[in-house]
Structure formats: C-alpha cells, structure tokens
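Trainee:
In the working numbering, the protein residues as written are 87 to 529.
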C-alpha cells in the first residue's frame, strides 16, 4: 500500500464528492473561503469535538466546562487588548487590482500575485482582525459590537462565577469549544484559514509560581497531554513538529508559547498552540484579586496555561494523515472513534427479500447504539470500496449462510465482518455484533 499523504487536490475532491465539505453558498456563486460541512463532515467534526471533550473535560477531575456568548460586551475586547494594534496584521494593497495581502506573507518587491503588476503595493498598515457588527436597529457607534476572535475571554470574564458555583481549588481548568471569527486578510488553503472557525480551548488556572520551574511543570504536563491527543486523533506524529516561539514573535500576553506545527501540503503551519499567559487576563478583567487560598487566606490573581486547538485544522490534519491509496482503491484510515459511520450493513443481494429483511433487522438493532450506514446498491466489492473511501472501519454482510441456507447450522445467524484497513473477513454472531463493535471502536 502506498500513502499519498493527502495531496490537497485529492482531499478537496474527496471532501466534496463524498459529502465531507462543500463550498459555502455554492448555489449563489459561493462566498470566498467559506465552507459548509456535509452529512459526513458534520459527523467527523462532532466526533472530533466529542473525543476532545471526553478526554479533557469529562475524564479529568480538575476540569469544568463553559459555553459563553459569541458576542460579548465591547469592553471585554478593550480590556483584553484585542482592539489595539496588538491584534492586527500588516496589510498591503495592490494599486492596480486592489487585492489585499498580508505584508508578512509576500515579497512586496515582486509583482502582484493576482494581476502581475510590478511595484504596485501600498505602504503596509496595521489591519485589526476583529469582525464588527451592530446590536440594535441603528448602525451607530453606540451599538458597535464584535464577534469573538477567541473563546478564551468568555472563560476569563466568567472566572468568578465558575469559582463561586463549582467551589474549585487551584489548580483547575475550564474547557470550552465554540465558534470564533477573525477578519483575515488572506484566508485560504481550503479549510485551514477561514474567517469563521471553531476552537477547542482550555484555560488552566494555577497559583502564582514561587519558582520558575513551578509553572513550567504544568506547561510540560499539558505539552504531554496534547501529544497524547494527537495520537488519539490519528494525526501522523512524524509530520508534527514543536516550534518554540521567540519573545519578539509571541502574543503580547504570552510568557512562553509552543506551536505544534503540521506538515500540510502547502507547508509547515500551526496546528495547535500552547501558551503560558501569566496573570495578564485575570488581572486586566478583575481590579481585585478574584481568588483566595482556602488554607492561607491569601488573595491573588491566578496564572494561566492555555492549550488551544482548532477544530478545522484538526479535521484537515486527520484527513491528510488518514488518506491512503491501494492500487485503484482510496482508503481513509480514520480512527474508528472518529469515523462518521462505525459500520455499514449490506444484504449480499438486494433482490432477495429474506436477505434484505435480515440485514434490515441487524441495521435497525445497531443504529440504536452506533452511526451505521445501509447500502444495497451494486456489487458487494464496489460497496466495500465506497465505505473504504469514507473511512467506515467495518462492513457487515448478510449472506445465505446467515439464513442457514448454505454452510450448515454452525454459520446460521452469523454475518461476514470485513475490516477496512486489511480487507480481512471473519464470521461474527449477529447477536454479538454490538458487543464486537463497541470493543473494536472504543478499545
């Protein structure tokens, strides 16, 4: 088997053809760098978010969850520094075609990449990434609001509420997954960089470190946890690299940042980030220390370690890592836990009522517990290949042995289970299928 490691044109074609990702607003000519997630894509996205939530929120006894608003009081963004030059990218514009580019991502001494004009760029100016809107009927300054550019601030402004209601003691974390928006100058590379995206973020609150190594121990624990997640998500670890971000390149609030970079077909780019934010955010939002130590009575502003993960970038890295070709067959070797369908059920022949009825019985029993596909079209080989292409880990075929018409009594009420990655087949009792799938998927 040879792996194509997900050439982008093949991934984009597969995503559209099989219902993972559609161009946004395609019916009306599209919307630049906007994408909709189809029947399989929404399942994969939900499975990624569910796996993340289970690992980091539900399985840990030092975590709680939150779902804060997408539009917050504008004062939040003033206090956090997002409305200042600190949350902006350098912008240049071609004087001929008026296309805008990030100045730090092009060589302005070369011709415009859009129209080919030479020496055509304006001087760079800073462009704030906040996406503005208005609340209320009048579009006036008093009604200006912003779509959140990150989920983190919703956690910070609710810190005291969470503390008072959950009665947590340090260290503990708050997990949140949800939409964020950034008015990117040059979005692109399929779903890698878009103006609307989803984040899975944790703010992990720790005591102010008495020694340098105190916060670093927490930082290293979260670096290890993120590596474990990368393995669980089926992301190719050989294509993941850690980049230490230098002092002049880090966000203004960060005391240390590591980017987990992935080798995408268009270059090595950020997949995840891990930052030590110190007490910058809580100190800005709360004039008085919001936490009091239960033993010493000391009041202080906790410090924060932030593991930040993007849903869409995870989605793309998972597809690229899972894509493989075997002769004329395309296989998505998705981790079974993330696969949109856990199994597909087939009657061997669609024109045999007894086979169809038995297959339907099995299908109905399984779909009460799993996402299961049904397919009775064409020959069995093509059905197998179609499920391989969308990452279904197991195919279940009801044949004449199942009915006891061939093969003897020992094979009656058994089915053929085919494994996606190897093509190996085995007979499993129909009444043990749910147990078999659960053990295979969630082992």
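Positions of the beta carbon are idealized from the N, C-alpha and C atoms, including for glycine.
Could you say if the segment 241-248 and the segment 311-324 meet the contact criterion of at least three C-beta pairs nearer than 8 Å?
Mentor: No, the segment 241-248 does not touch the segment 311-324.
Trainee: On a CA-only basis, which of 504, 387, 135, 433 is nearest residue 257? Give me that one, please.
Mentor: Of the listed residues, the one whose Cα sits closest to residue 257 is 387.
Trainee: Buried or exposed: which applies to residue 88, given that a residue is buried once 16 or more other Cβ atoms fall within 10 Å of its Cβ?
Mentor: In this prediction, residue 88 scores a pLDDT of 39, lower than 50, which makes its location untrustworthy; the coordinate-derived value is nonetheless stated afterwards. Exposed, since its Cβ has fewer than 16 Cβ neighbours within 10 Å.
Trainee: Could you check which residue in 495, 356, 473, 201 has the C-alpha nearest to that of residue 184?
Mentor: The residue with the shortest Cα to Cα distance from residue 184 is 201.
Trainee: Could you tell me which whole beta strand (DSSP E) segments of length 3 or greater appear in the segment 328-408?
Mentor: DSSP runs (the beta strand (DSSP E)) wholly in the segment 328-408: 342-350, 353-364, 389-396.
Trainee: Tell me where the alpha helix (DSSP H) around residue 446 begins and ends.
Mentor: It spans 439-452 - the alpha helix (DSSP H) in which residue 446 sits, taken as one unbroken run.
Trainee: Could you compute how far the alpha carbon of residue 229 sits from the alpha carbon of residue 417?
Mentor: Their backbone Cα atoms lie some 51 Å apart in a straight line.
Trainee: With a threshold of 8 Å, are at least 3 pairs of Cβ atoms found where one atom belongs to the segment 432-444 and the other to the segment 121-130?
Mentor: Contact between the segment 432-444 and the segment 121-130 is absent, because fewer than three Cβ pairs lie under 8 Å.
Trainee: Please state whether DSSP places residue 88 in a helix, a strand or coil.
Mentor: Reliability fails at residue 88, whose pLDDT of 39 lies under 50, so the model's placement of it is uncertain and the value that follows must be treated cautiously. Residue 88: strand per DSSP, three-state reduction.
Trainee: Would you call the segment 155-162 and the segment 410-425 in contact, with 3 or more CB pairs under 8 Å?
Mentor: Verdict: no, contact absent.
Trainee: Near residue 380, what residues of its chain come up, given a Cβ to Cβ distance below 7 Å and the 5 sequence neighbours on each side ignored?
Mentor: Excluding positions up to five away in sequence, the list reads 255.
Trainee: Between residue 457 and the rest of its own chain, which residues show a CB-CB distance below 7 Å, the 5 nearest in sequence each way excluded?
Mentor: Closer than 7 Å at Cβ, skipping near neighbours: 129, 426, 427, 428.
Trainee: Taking Cβ to Cβ, would you say residue 97 is nearer than 9 Å to residue 358?
Mentor: Taking 9 Å as the Cβ cut-off, residue 97 and residue 358 do not qualify as a contacting pair.
Trainee: Within 10 angstroms of the Cβ of residue 90, are there 16 or more other Cβ atoms? Answer buried if so, exposed if not.
Mentor: Summary for residue 90: the model assigns pLDDT 42, below 50, so the residue's position carries little reliability; its value from the coordinates is reported in the next sentence. Per the 10 Å Cβ criterion, exposed.
Trainee: What number of angstroms, rounded off, separates the C-alpha of residue 295 from the C-alpha of residue 370?
Mentor: One C-alpha to the other measures close to 19 Å.
Trainee: Run the CB neighbour count on residue 328, radius 10 Å, all protein chains shown included, and call it buried at 16 or more, exposed below.
Mentor: That one is exposed.
Trainee: Determine whether the beta carbon atoms of residue 150 and residue 248 lie at a separation below 9 Å.
Mentor: For residue 150 and residue 248, yes; Cβs fall inside 9 Å.
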